[in-house]
Every structure is written in C-alpha cells, then in structure tokens.
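Reviewing the structure listed below.
Next comes the structure, spelled out in structure tokens:
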C-alpha cells in the first residue's frame, strides 16, 4: 500500500477513532455470533466481521507506515464468549442496525476531513459496507416481525407554502397545536425506536456490570432512555398517531458479564455522541417549537450524562488518550 501523501492531523484523529470503534464492534459481534441461534443472523454478523477486519488491517498498515502507535482498543479479554445469552429475540441484528446508522453519519464526517487517497478509500469502502449491512439487517428484522414500520399518513396531493409564523407555535398550552408534519413524525418515531434498543442494551449492561459506579451509571441511563420514550410517545399520542414500536422482552435474567465494564462504558459513550447529534437534528428540523424545545432539553441531559461517563472512564483508566499536537509552550519553556 503506497500513500501518495502523509496523513494529516484530522486524518490521524478520524482513523484513531474509527479503529477503536471498529475494534469495539468486532468484539461485540464475536459474542453475538457465538450466541446466535439463527443462521441468517449469523451470516449477516459474520459477513460484517470479515469486512470490518479487512479495513482494520488496512488502518494498522497505515499506522505502521506512518510510524504511529496503533490504538489499544479492545482485545479478546474484553469479551467472555462463554457467558450465557444476555439478549434474545433478534436483539443482535437490531443492535447491529443501530450501529450502522451511527457509522453512516461518522463516515460522512470523516470523509469530509480526509485528503489522503488511501484514507478516502477506507471511508468509501466502509460506507458501502455499512449501507449494504444496514439494508440486510432491516429486511431481516422486518421479515422476522421484530422491527415495526413507521406510521403511515395520507399522501400529499398538492404543494403548499407556510403562510404564517403560527406554524411554528406549540408552547402555549391554551392554543391547539397543529398536526405533526411528516418530518417531525419521522424524527419522533426514530427517537422512540432507538431509545427502545438503547434501553434494552443498557438494561443488560446494568445487570452484569462489575463496578458499583458503572452499574449505577447504567441504571441512570435506563431512566434517561425511558424519559425520552415517554416524551416522544406522548407527542405522538397527542397528535392521534397510530404508533407501535416493538420492544420485545429481549434481556435475559443473566448476570454473567459477556463484556468488560471498560467495553460497555465505551459502547455507551459512543452511542451518547450519536444521540446528541440525533437530537440536534430533531431540534433544527422540527418546526413546532414545543418539539424543538423538548429535543433541546433532552440533548442537554444526554450531554451531562455523557460527561459523567467520561469521568468514570478516566477514573478507572479506561479512556485511551487521542493523538494530540506537540506542546509547543512546554517545549519552549523546557529549553530555557
């Protein structure tokens, strides 16, 4: 592999983050593949593992050629393949689908920060893999009846323009709120769907966490997921939306940890970032100001929750430090 130009600081940062993310996903896939009862699910997850491994090896080669230390990430000791099933009923592929949603957004950002031909090829390839696997996972879940379709509405037959700023109103409890538009409905549906999966994931984590502060952190995350589901569902019900989101009793009673506390904390840290971005999207593109306000407040809660998680990771020595610039001030002072 020949690099036509050295990688820049932003590329080092995005490759470092991507490597750890793929490392995390591969370790979790190894457990889910081991415990999967359905061969089709195993094929989807196994195929993704193989393709991710290909790009992980490419990133390691870049690190080596650039004289850069390879991130530690997550290793075999962070996964207990002998642990009983912690999740059931297709949760593995449902969780995989959420991960691919996150990845699609990240690769777009990473590509925008890339200038090296080989680095761009990696993100281009990972984007293609992600879109393929997302489609496979969605079709699998729909076929199994695990994933609920979003609500359907009457098709628009004319083109209209917003004629009054009253279209934005919604905070006054004495005024009737306008019906949701389809963009807002989609944002709310997605919020309920993703928080249902997040609630199941973090419930399992809380059951098997080894450290007391980590367990308490996950319990707090469960409450945050429930709060979001309640807020989004209430808005939908107020608008008389016929809505159903499959939750499924997917968490088993097992308390044997399949993953290390370090891995579980980083998984939640990773998903917190996605949640903040998702709520920011909802804040801007929801034109009813009551929805925007609630999305803003939720984003604040997620941010504060995420910061608490970072402090726990640092406390236990689990937060691998990202590459950084030289301390020029320190170098200058040291040479005096």
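Numbering (this note's numbering), first residue to last: 1343 to 1678. C-beta: ideal position from N, C-alpha, C; glycine also.
Determine the extent of the alpha helix (DSSP H) in which residue i is found, giving its start and end residues.
{"i": "residue 1460", "result": "1459 to 1485"}
{"i": "residue 1351", "result": "1351 to 1377"}
{"i": "residue 1395", "result": "1381 to 1407"}
{"i": "residue 1543", "result": "1524 to 1550"}
{"i": "residue 1659", "result": "Looking at the DSSP string, residue 1659 is not in any alpha helix (DSSP H), and its letter there is neither H nor E."}
{"i": "residue 1558", "result": "1554 to 1580"}
State the Cα-Cα distance for the pair residue i and residue j, rounded to the nearest angstrom.
{"i": "residue 1570", "j": "residue 1537", "result": "7 Å"}
{"i": "residue 1578", "j": "residue 1506", "result": "23 Å"}
{"i": "residue 1552", "j": "residue 1356", "result": "31 Å"}
{"i": "residue 1424", "j": "residue 1600", "result": "8 Å"}
{"i": "residue 1343", "j": "residue 1352", "result": "Annotation note: pLDDT 49 at residue 1343 (below 50); position unreliable, coordinate value reported separately. Each residue's Cα considered, the two are about 20 Å apart."}
{"i": "residue 1626", "j": "residue 1407", "result": "42 Å"}
{"i": "residue 1661", "j": "residue 1361", "result": "15 Å"}
{"i": "residue 1659", "j": "residue 1622", "result": "30 Å"}
{"i": "residue 1432", "j": "residue 1592", "result": "8 Å"}
{"i": "residue 1649", "j": "residue 1523", "result": "34 Å"}
{"i": "residue 1371", "j": "residue 1440", "result": "13 Å"}
{"i": "residue 1400", "j": "residue 1608", "result": "23 Å"}
{"i": "residue 1598", "j": "residue 1426", "result": "7 Å"}
{"i": "residue 1368", "j": "residue 1413", "result": "15 Å"}
{"i": "residue 1664", "j": "residue 1428", "result": "31 Å"}
{"i": "residue 1364", "j": "residue 1671", "result": "35 Å"}
{"i": "residue 1576", "j": "residue 1519", "result": "13 Å"}
{"i": "residue 1545", "j": "residue 1557", "result": "10 Å"}
{"i": "residue 1559", "j": "residue 1543", "result": "13 Å"}
{"i": "residue 1637", "j": "residue 1620", "result": "9 Å"}
{"i": "residue 1603", "j": "residue 1415", "result": "13 Å"}
{"i": "residue 1676", "j": "residue 1666", "result": "19 Å"}
{"i": "residue 1403", "j": "residue 1349", "result": "13 Å"}
{"i": "residue 1668", "j": "residue 1548", "result": "39 Å"}
{"i": "residue 1437", "j": "residue 1539", "result": "7 Å"}
{"i": "residue 1515", "j": "residue 1580", "result": "13 Å"}
{"i": "residue 1421", "j": "residue 1606", "result": "10 Å"}
{"i": "residue 1377", "j": "residue 1594", "result": "13 Å"}
{"i": "residue 1673", "j": "residue 1409", "result": "21 Å"}
{"i": "residue 1652", "j": "residue 1359", "result": "15 Å"}
{"i": "residue 1502", "j": "residue 1572", "result": "32 Å"}
{"i": "residue 1405", "j": "residue 1527", "result": "44 Å"}
{"i": "residue 1616", "j": "residue 1583", "result": "26 Å"}
{"i": "residue 1525", "j": "residue 1419", "result": "44 Å"}
{"i": "residue 1550", "j": "residue 1462", "result": "39 Å"}
{"i": "residue 1639", "j": "residue 1647", "result": "12 Å"}
{"i": "residue 1391", "j": "residue 1444", "result": "17 Å"}
{"i": "residue 1486", "j": "residue 1458", "result": "42 Å"}
{"i": "residue 1475", "j": "residue 1618", "result": "24 Å"}
{"i": "residue 1613", "j": "residue 1417", "result": "20 Å"}
{"i": "residue 1610", "j": "residue 1374", "result": "17 Å"}
{"i": "residue 1521", "j": "residue 1535", "result": "21 Å"}
{"i": "residue 1455", "j": "residue 1654", "result": "30 Å"}
Per DSSP, residue i is paired with what?
{"i": "residue 1429", "result": "1593"}
{"i": "residue 1601", "result": "1421"}
Any heavy atom of the ligand FMN inside 6 Å of the beta-carbon of residue i?
{"i": "residue 1458", "result": "Of the ligands one can find in the structure shown there are none, so the ligand FMN has no counterpart to examine."}
Given 8 Å, three or more beta-carbon pairs between the segment 1393 to 1402 and the segment 1553 to 1566: With a cut-off of 8 Å, the segment 1553 to 1566 and the segment 1393 to 1402 do not count as touching, because too few Cβ pairs lie within range.
With three or more beta-carbon pairs closer than 8 Å as the criterion, would you say the segment 1461 to 1469 touches the segment 1432 to 1450? Judged by Cβ distances under 8 Å, the segment 1461 to 1469 makes contact with the segment 1432 to 1450, as three or more pairs qualify.
Determine, using beta-carbon pairs with one atom in the segment 1517 to 1535 and one in the segment 1489 to 1503, whether at least three such pairs fall under 8 Å. With the cut-off at 8 Å, the segment 1517 to 1535 and the segment 1489 to 1503 touch.
Do the segment 1510 to 1518 and the segment 1630 to 1639 touch if we need at least three Cβ pairs shorter than 8 Å? Enough Cβ pairs lie closer than 8 Å, so yes.
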